[in-house]
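Engineer: In our numbering, the protein residues as written are 12 to 97. We treat Cβ as the ideally placed atom computed from N, Cα and C, and that holds for glycine. Predicted model only: the values in this text are computed from it and were never measured.
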Amino acid sequence: MTKEDFCTRIDFKAENEFAEIKNSFNFMAERLEESLKERKQLENLRQQLLVDISHDLKTPVISIQGYSRALFDVVVKDDDKKQKIS
Numbered sequence: 012m013t014k015e016d017f018c019t020r021i022d023f024k025a026e027n028e029f030a031e032i033k034n035s036f037n038f039m040a041e042r043l044e045e046s047l048k049e050r051k052q053l054e055n056l057r058q059q060l061l062v063d064i065s066h067d068l069k070t071p072v073i074s075i076q077g078y079s080r081a082l083f084d085v086v087v088k089d090d091d092k093k094q095k096i097s
């Protein structure tokens, strides 16, 4: 359990408080296992979201860099085209 291995379950025949303890332990282990799976899934979704956002931001930034470089290097000489770019 301390190494996040929550698949362990207690299985023995018992009565009274020992059966209650066994059932509580198994319930806790099951909930911890589900929680760990959910946490890993959410972490994967978070990572994918960051990758997607990064990709979506790169395209406009690269376009802006290209246009600004063209204006800075005076590649565009026509004033009307400069206005359209800026």
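Express the C-alpha separation of Asn-55 and Met-12 in angstroms, rounding to a whole number.
Structural biologist: Counting from one through the sequence shown, the residue named residue 12 turns up at place 1. Counting from one through the sequence shown, the residue named residue 55 turns up at place 44. Near 23 Å, if we compare the C-alpha coordinates of Asn-55 and Met-12.
Engineer: Tell me which residue opens and which closes the alpha helix (DSSP H) that Asn-51 is part of.
Structural biologist: Here residue 51 is taken as the residue at index 40 of the sequence shown, counted from 1. Correcting the residue identity first, residue 51 is Lys in this sequence and not Asn. Its alpha helix (DSSP H) spans residues 27 to 83.
Engineer: If distances are taken between C-alpha atoms only, which option among Phe-36, Phe-23, Ala-30 comes closest to Phe-17?
Structural biologist: Sequence index remark: in the sequence shown, residue 17 carries index 6 (1-based). It is Phe-36 whose Cα lies nearest to the Cα of Phe-17.
Engineer: Taking three-plus beta-carbon pairs below 8 Å as touching, is the stretch 69 to 82 in contact with the stretch 40 to 57?
Structural biologist: The answer is no - the stretch 40 to 57 does not touch the stretch 69 to 82, with fewer than three Cβ pairs under 8 Å.
Engineer: When the Cα atoms are used, what is the spatial distance from Ala-25 to Glu-49?
Structural biologist: Reading the sequence shown from its first residue, position 14 is the one you call residue 25. Reading the sequence shown from its first residue, position 38 is the one you call residue 49. Roughly 32 Å between the two C-alpha positions.
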